[in-house]
């Protein structure tokens, strides 16, 4: 490399680059550094574009047919399940409507079974109190089938969260005019990873006289209670891509690196 020794206006001497092996190596590899800088910038732009543009993904309907029953009468709902379709569920119990009607013989005196619309499958997920579902992978809830168990009017409030942050609520009014289940849409359309279901039975009507039936045949003390439940089925999910905003510290570091590379390039051109 040529010797660049000179005396500046302040009287200090600029030594040759060969006296500084590290700097000499840096300037000797300028083409490589520039290529790396271009590749890094292109990768950064590509990554940001990919993050900002959610990938199209097919919706997936989750039903509960895999949670069916055996031959015994289990009209009160089966064992609670905790996982299905890669999501965690709590507060839900499966109810096999064919089992309820054909094995338990309860197709005409309950709010389930033959009264359900044809778009509901053989197995539904029932709840009585609050319930929730969550997933490590964010999703969008597009639609679901829901109804009031025993046709008791029920207000079902859904709260949506993402990363522990509250996003929105949607309220479904499940009432006795329904012949089973209805399809509900128009929920919070953003990504979520946790949905909380809270029922409110205020104003419920004991359509099937479950208050009296609840103690029928009891051999000991019994406190009558109204059967208050709700159900969901055929939940339509779409995978969601969460837009990640680079943290300020990362942006500063990238910017500083580009400034340093740019300064080195300008210095090289002046020599």
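Numbering (our numbering), first residue to last: 32 to 302.
No residue lacks a Cβ here, since even glycine has one placed at the ideal position from N, Cα and C.
In this text, all values refer to a predicted model and were calculated from it rather than measured experimentally.
Per DSSP, cross-strand counterpart(s) of residue i
{"i": "residue 255", "result": "Paired residues: none, contrary to the question."}
{"i": "residue 94", "result": "According to DSSP, which records beta bridges pairwise, residue 94 is partnered with nothing at all."}
{"i": "residue 236", "result": "Partner(s): none; residue 236 has no beta bridge."}
{"i": "residue 100", "result": "None, per the DSSP bridge assignment."}
Whole-angstrom C-beta distance between residue j and residue i, which should lie under 8 Å
{"i": "residue 206", "j": "residue 179", "result": "6 Å"}
{"i": "residue 227", "j": "residue 190", "result": "4 Å"}
{"i": "residue 176", "j": "residue 264", "result": "4 Å"}
{"i": "residue 174", "j": "residue 116", "result": "Contact flag wrong, Cβ pair sits at about 15 Å."}
{"i": "residue 119", "j": "residue 164", "result": "7 Å"}
{"i": "residue 230", "j": "residue 243", "result": "Not really, about 23 Å apart at Cβ, beyond 8 Å."}
DSSP-derived helix/strand/coil call for residue i
{"i": "residue 114", "result": "strand"}
{"i": "residue 86", "result": "Low local confidence applies: a pLDDT of 45 at residue 86 is under 50, so the model's placement there is unreliable, with the coordinate-based value given in what follows. In this structure, residue 86 counts as coil in the three-state DSSP scheme."}
{"i": "residue 134", "result": "helix"}
{"i": "residue 129", "result": "helix"}
{"i": "residue 310", "result": "An answer regarding residue 310 cannot be provided, because it is not within the stretch 32 to 302 covered by the chain."}
{"i": "residue 199", "result": "strand"}
{"i": "residue 220", "result": "coil"}
{"i": "residue 213", "result": "strand"}
{"i": "residue 260", "result": "strand"}
{"i": "residue 230", "result": "strand"}
{"i": "residue 241", "result": "helix"}
{"i": "residue 123", "result": "coil"}
{"i": "residue 78", "result": "A caution first: residue 78 carries a pLDDT of 49, below 50, which makes its placement in the model unreliable, though a value can still be read off. Helix."}
(request) Tell me, please, whether the region 193–203 touches the region 234–242 by the rule of three or more beta-carbon pairs shorter than 8 Å. (result) With the rule of 3 Cβ pairs closer than 8 Å, the region 193–203 does not count as touching the region 234–242.
(request) Just list the beta strand (DSSP E) runs in the region 145–197, keeping only unbroken ones of 3 residues or longer that don't cross its boundaries, in chain order. (result) At a cut-off of 3 residues, the continuous stretches assigned as beta strand (DSSP E) that sit fully inside the region 145–197 are 154–158, 162–180 and 185–193.
(request) For the region 92–104 and the region 113–130, state whether three or more C-beta atom pairs, one from each stretch, are separated by less than 8 Å. (result) Output reads yes: the region 113–130 touches the region 92–104.
(request) Mind the definition here: the region 235–250 touches the region 115–125 only if three or more C-beta pairs lie below 8 Å; say whether that holds. (result) Judged by pairs of C-beta atoms under 8 Å, the region 235–250 does not touch the region 115–125, as fewer than three such pairs exist.
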